[in-house]
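Asks:
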């Protein structure tokens, strides 16, 4: 599924004019639309769609793989 994530992430970036500001909602709508389009061709579970959606959003808008760690209340320190 990481190939799918990479493919969809690339398509999301291609869909936007990066010189203009894009809201979080617009970004999520685009991710959702692309996921729906792709899932018409190949079955993707709801859990997988949610995971891919979150990962793409975090990689574009947040701190990518660190975001889940930052949001985890049990983690008090991240050493990089």
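Numbering (the working numbering), first residue to last: 14 to 93.
Glycine included, C-beta positions come from ideal geometry on N, C-alpha and C.
Owing to the predicted nature of the structure, the values given are computational and were not obtained by experimental measurement.
Can you round the beta-carbon distance between residue 47 and residue 25 to whole angstroms, since I take them to be within the 8 Å contact cut?
Replies: Residue mapping note: residue 47 aligns to position 34 of the chain shown, counting from 1. Residue mapping note: residue 25 aligns to position 12 of the chain shown, counting from 1. Correct: roughly 6 Å between the Cβ atoms.
Asks: For residue 91, collect the residues of the same chain with a Cβ closer than 8 Å to its Cβ; drop the 5 residues on either side in sequence, then sort them by chain order.
Replies: Mapped onto the chain shown, residue 91 falls at position 78. The answer, listed in chain order, is 79, 82 and 83.
Asks: Can at least three beta-carbon pairs, one atom from the region 53 to 60 and one from the region 32 to 39, be found at a separation below 8 Å?
Replies: Flag = no, the region 53 to 60 and the region 32 to 39 do not touch.
Asks: Around the C-beta of residue 21, are 16 or more other C-beta atoms found within 10 angstroms, so that it is buried, or is it exposed?
Replies: Translated into positions along the chain shown, residue 21 becomes position 8. Residue 21 comes out buried.
Asks: Counting only the same chain and skipping the five closest in sequence on each side, list residues whose C-beta sits under 7 Å from that of residue 68.
Replies: Start at 1 with the first residue of the chain shown, and residue 68 comes out as number 55. Hits under 7 Å: 18.
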